[in-house]
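Listed in order, the protein sequences are those of chains A and B.
Per the working numbering, residue 646 is the first one in the first sequence, and the count goes up by one each step.
Per the working numbering, residue 216 is the first one in the second sequence, and the count goes up by one each step.
Don't be surprised by glycine CBs; every beta carbon is placed ideally from N, CA and C.
Treat the numbers as computed from the prediction; the structure is a model and nothing was measured.
What follows is a short report on a single structure.
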Amino acid sequence: MSDPANEKLMRLENIQSAVAPATNFGALSDILRSAWTVFRFENRRSRTWGRLLIWLIVVLFPGTILLMMRLVDSQSPQQLWISLLFVSVTEMVVILNALLWVAPLIQTELEGKTWLYVAIRPFGRMALTLGKGWNGLSWTLSAGLSSLALAVVLLTLSGVDLTPPKPVPMRDAVQTARFPEPEIEPSERSFDVEDWPETAQRVIVAALQSAAALAALTVLSTIVYSPLFAAIGCIAPRRAMLIAFSYTLIFEVLIALIPAVVNRITVQYHLRCLLTKWIDLGINDVEGRFLSSQSSPAWHVGCLLTMSLLWTVVSLTVVHFRTYVTNDEA
Amino acid sequence: MIELDQVTKLYGSVIGVNDVTLSLGPGAHGLLGPNGSGKTTFLSLVTGQLRPSRGEIAVFGESPWDNPRLYRRLGVCPGFEGLYSDITGFDWVRYLMELHGYSPKEASGRAQDALEITGMTHAMHRGMGTYSRGMRQRTKLAQAIAHEPQLLILDEPFNGLDPIGRHDITEVLRDWVETGGSVIIASHILHEVETLATSFLLICGGRLLASGTPEEVHSLLTDLPNEFQMRGRGLRRLGQLLIEELLVDSLRFIGDERLTVTTHQPLNLINRMPSWCGQEGIHIAEITSGDDSLQDLFTTLMRIHRGELR
């Protein structure tokens, strides 16, 4: 008959005799692999009814508001609806989700006293930052695109024409990076049932093309705001959401509207410039400092991607060097 | 294994660890001190979660700060509660093993083995929110040992455990040490550590009061006062005799039947006691004194540190 203590001892010996290092990959691949592990774990953890409910409310918000506006207003021009879609989805939904799911990425670990368990794993700090950041990004992106799709469908079904108001001939897409705009006669902008399906199809295609531009802006907005708020969460974990909210108000709302060079450091400036370049809203922006610029769309996209990369580097650098203490220790 | 050179950790104006210099080799070490004495700060410094305000720390010859190579060799079980309530113990330990670089299959195997060792097999597929405090302690220990670290760092590992749980965990740790693993156990309850540690560090107010094997520390005590508690009759006469013979530093009576004596000459006092007993109405029913347990050593050093003894 075997002794339980000896069995335990044998199991321990088995464990200790195993090979300890589990990987021969370089540091970067170790970080990315661990970050992917954190992402999968956090993604599974975050799929709760409560969180899904919040996600759903945020997704329904733009479509519901715009539909209610549409019910009382059938005269507004197309650019209003496109601008409202941009503000409600690309700005509000994305920023709100990033605030909720990305900014507190370190704070929740410290408050839940779970930080240490990951921080003492190889590359654990960076993996946690990246993995939780990716998870927040995925929630933000899914909310942004879902709310955009829903709002576009609701607006289109309610008869809103999302075709840009000043149709221009399709130019060289590579040179201007302008999304192709369908040529629709004003008489075709609202269609009768007997015109179906040709006119309806063209209006739907036009709506999809505007939606594609807004979707691209939503994607860009998500991949910049998520690292931005992650960096704020790493720098000031205890007040992450408050500081991120304040930053948004000061920089992304106020400074982004100042027609001066300083607005170029904001995400909103570049997104608005891309909006006016990709969808011709017919807005005259004096001297091009507020909503448009002389720079190419590629330059604006490059600026946004650089910001995203920069904030990711800032997050990883801060999380590597910064001392974090749990509530107990604090 | 662990080297600290004049390490000080300040939290603003509050001292967490105060000018600690020590060298620890492989083995089982007990880190003893009352609550708030700096044990957790000490462990956080060793595990690279805090940077020293002054001084240098090396663990296995390396700086512990965010050091992936070192973290493969460390297993840490923190003292505070902090587990994901909606995740099962098995999934959590497996996740942490995957962060060590193990494949999902290998991580699963290690998680299962470690949870079995800590006696959590029956509950490992339940959400950790349903665990008792003792079960959480066992799960925390499992995540610390599952990747077979060379050095195990445990902060109050017996907290919340019932006597059977304490025994089980003690057995696991004893096995761990016997198979060549090193361990540092922080505790404010001495008997928890006494049976495991072959050396100990006594810390209070962030200062290292004593370190070494129990014998080494006891040898430091030869010049320190011993305290005796006596119970019997005629103790006031005994006190008179002790003062006349200049054998005591202090006397304290509790009623007529209890006497506490502090002395720097314990051997002389013990030698004289038999000749006094039976004479002059002195009858000693019970005498207890500082023995070899760590509790008395701890108490004595703490009193010296507080200035209550010289």
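- The beta carbon of Arg770(A) sits closer than 7 Å to the beta carbons of Ala764, Val964, His965 from its chain, once the five residues preceding and following it are set aside; these are given in chain order.
- Residues of chain A with a Cβ closer than 9 Å to the Cβ of Ile302(B) are, in chain order, Phe686, Arg689, Arg690.
- Between Val912(A) and Ser866(A), the CB-CB gap stays under 8 Å.
- Remark: C-beta atoms of Gly447(B) and Ala500(B) approach each other more closely than 8 Å.
- A residue is called buried when at least 16 other Cβ atoms come within 10 angstroms of its Cβ; Ile910(A) does not meet this threshold and is exposed.
- Listed along chain A, no residue sits closer than 7 Å to Arg452(B) by beta-carbon distance, the nearest being about 54 Å off.
- For Glu277(B), same chain residues with a beta-carbon under 8 Å away, outside a window of 5 residues either side, are Arg284, Leu285 in chain order.
- Interface annotation, Tyr286(B): in contact with chain A, CB-CB separation under 8 Å.
- Contact between Asp301(B) and Gly349(B) is absent: CB atoms are separated by about 20 Å, not below the 8 Å threshold.
- Pairing Trp681(A) with Thr333(B), the inter-Cα distance amounts to about 29 Å.
- Around the Cβ of His337(B), a 10 Å sphere holds fewer than 16 other Cβ atoms; the residue is exposed.
- Distances from the CA of Ser402(B) to each of Gly304(B), Asn250(B), Leu450(B), Trp491(B) were compared; the closest alpha carbon is that of Asn250(B).
- By the Cβ criterion, the region 381-389 of chain B is not in contact with the region 263-273 of chain B, since fewer than three pairs of Cβ atoms, one from each stretch, lie closer than 8 Å.
- Only exposed fits Val906(A), as fewer than 16 other CB atoms lie within 10 angstroms of its CB.
- Distances from the CA of Asn233(B) to each of Gly227(B), Ser397(B), Thr223(B) were compared; the closest alpha carbon is that of Thr223(B).
- Residue pairing by DSSP places Cys419(B) opposite Arg422(B) in a beta bridge.
- Counting the other Cβ atoms within 10 Å of the Cβ of Met713(A) gives fewer than 16, which makes it exposed.
- Linking Thr968(A) to Thr256(B) through their CA atoms gives a straight-line distance of about 12 Å.
- Measuring C-alpha to C-alpha distances from Arg678(A) to each of Ser941(A), Met952(A), Arg766(A) identifies Arg766(A) as the nearest.
- By the beta-carbon neighbour count (other beta carbons within 10 angstroms, threshold 16), Phe468(B) is exposed.
- In this structure, the CA atom of Ala772(A) is about 27 Å from the CA atom of Val946(A).
- Between Gly297(B) and Gly878(A), the C-beta gap is not smaller than 8 Å, which leaves the two residues out of contact.
- Around Leu761(A), the beta-carbon contacts reaching into chain B at under 9 Å are Ser259, Thr262, Gln264, Val291, Pro293, Phe295, Gly297.
- Put simply, the CB of Gln358(B) is near chain A, with a gap under 8 Å to one of its CB atoms.
- In the DSSP annotation of this structure, Ala889(A) is not part of any beta strand (DSSP E); the continuous alpha helix (DSSP H) holding it starts and ends at 885-892.
- Here the region 405-418 of chain B lies against the region 234-246 of chain B, with 3 or more beta-carbon pairs under 8 Å apart.
- Contact check between the region 315-328 of chain B and the region 786-803 of chain A: fewer than three CB pairs, one atom from each, fall below 8 Å, which does not count as touching.
- Spatial neighbours of Leu376(B) in its own chain (CB-CB distance under 7 Å, excluding positions within 5 residues in sequence) are listed in chain order as Gly349, Gln352, Ile384.
- Residue contact check for Leu369(B) against chain A: no CB pair falls below 8 Å.
- Separation of Gln724(A) and Ser855(A) (C-alpha to C-alpha, rounded to the nearest whole angstrom) is 11 Å.
- For Glu501(B), the uninterrupted beta strand (DSSP E) run begins and ends at 498-504, by DSSP.
- The secondary-structure analysis by DSSP pairs Lys224(B) across a beta bridge with Val232(B).
- The DSSP assignment places 269-274, 289-292 as complete runs of the beta strand (DSSP E) inside the region 266-323 of chain B, in order along the chain (cut-off: 3 residues).
- Taking C-beta separations shorter than 6 Å and ignoring five residues to either side along the sequence, the partners of Gly290(B) in its chain run Ala359, Ile360, Pro364, Leu367, following chain order.
- For Asp281(B), the nearest beta carbon of chain A is closer than 8 Å to its own beta carbon.
- For the region 746-759 of chain A, the set of positions with a beta-carbon nearer than 7 Å to some beta-carbon of chain B reads Gly757, Lys758, Thr759 in chain order.
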